[in-house]
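Heads up: the sequence shown is residues 1 to 150, going by UniProt numbering.
Beta carbons are placed, not taken as given, at the ideal position from N, Cα and C, and that holds for glycine.
Nothing here was measured: the structure is a model prediction, and the numbers come from that model.
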Amino acid sequence: MRIALYEPEIAGNVGAVLRLGACLGAAVDLIEPMGFAWDDRRVRRTAMDYIDHVSVTRHDGFDAFRQTIGMQRLVLFTTKASQSPYEFQFRPDDVLLFGRESAGVPGHVAEACDVRVRIPMRPQVRSMNLATATALALGEALRQTNTLPG
Numbered sequence: 001m002r003i004a005l006y007e008p009e010i011a012g013n014v015g016a017v018l019r020l021g022a023c024l025g026a027a028v029d030l031i032e033p034m035g036f037a038w039d040d041r042r043v044r045r046t047a048m049d050y051i052d053h054v055s056v057t058r059h060d061g062f063d064a065f066r067q068t069i070g071m072q073r074l075v076l077f078t079t080k081a082s083q084s085p086y087e088f089q090f091r092p093d094d095v096l097l098f099g100r101e102s103a104g105v106p107g108h109v110a111e112a113c114d115v116r117v118r119i120p121m122r123p124q125v126r127s128m129n130l131a132t133a134t135a136l137a138l139g140e141a142l143r144q145t146n147t148l149p150g
């Protein structure tokens, strides 16, 4: 199972996702450009020493990322989908893709994904924090595939 962040904008969110990946055993792909300098101390402050326990791959754009993952199924988490991840069947080699905090992913990226799912939430709100959504999604995917650690 992999987590992919498309052009993330907030260093603290990336740090939290890196820590999540370290704790649950999921590699993290960062699709550039990012909205902050990679050596930003806020990433390490949030990820702490967990950053040493997660596989992180940076990609020079979406096309480079797509080439790297090959035929792995790309599952986009988006507010523009109707299917719930709780009614979707995950596979152990899925790549869970999350868009920019401010705008999600552009149309061509959404079209390139194999599946689109939406975390259910109250209609009065627009979206969840990126790290929170990633934790919910990864937890459910690992639960379904019986690949939770420990």
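Of the listed residues the options, nearest to residue i (C-alpha basis)
i    : options                  : result
A133 : A22, F98 and G12         : F98
E7   : A27, F65, R19 and R91    : F65
V105 : M48, C23, G61 and R19    : G61
C23  : T145, Q144, G139 and Q67 : G139
N146 : H59, D49 and P92         : P92
G12  : M71, Q124 and R45        : R45
C113 : A135, G35, V75 and A137  : V75
Y50  : Q67, A27, V125 and M128  : A27
H108 : V125, D63, V14 and M48   : D63
V43  : L130, G70 and V14        : V14
Cβ pair residue i, residue j closer than 8 Å
i   : j    : result
D39 : R2   : no
E32 : S102 : no
F90 : Q144 : yes
Integer Cβ distance of residue i from residue j, believed to fall under 8 Å
i   : j    : result
V95 : A4   : 5 Å
L20 : A135 : 6 Å
G35 : P149 : 30 Å between Cβ atoms; not a contact.
Per-residue DSSP class, three states only, for residue i
i    : result
V75  : strand
R19  : helix
A131 : helix
F36  : coil
R44  : helix
T68  : helix
G104 : strand
L148 : coil
R126 : coil
F62  : helix
V54  : coil
A4   : strand
D29  : strand
R143 : helix
Touch test, the region 45-56 against the region 82-98, Cβ-Cβ under 8 Å, three pairs minimum: A contact between stretches requires three or more CB pairs, one per stretch, nearer than 8 Å, and the region 45-56 fails this requirement with the region 82-98.
At least three beta-carbon pairs within less than 8 Å, the region 69-82 to the region 111-123: Yes: the two stretches touch, three or more of their Cβ pairs being nearer than 8 Å.
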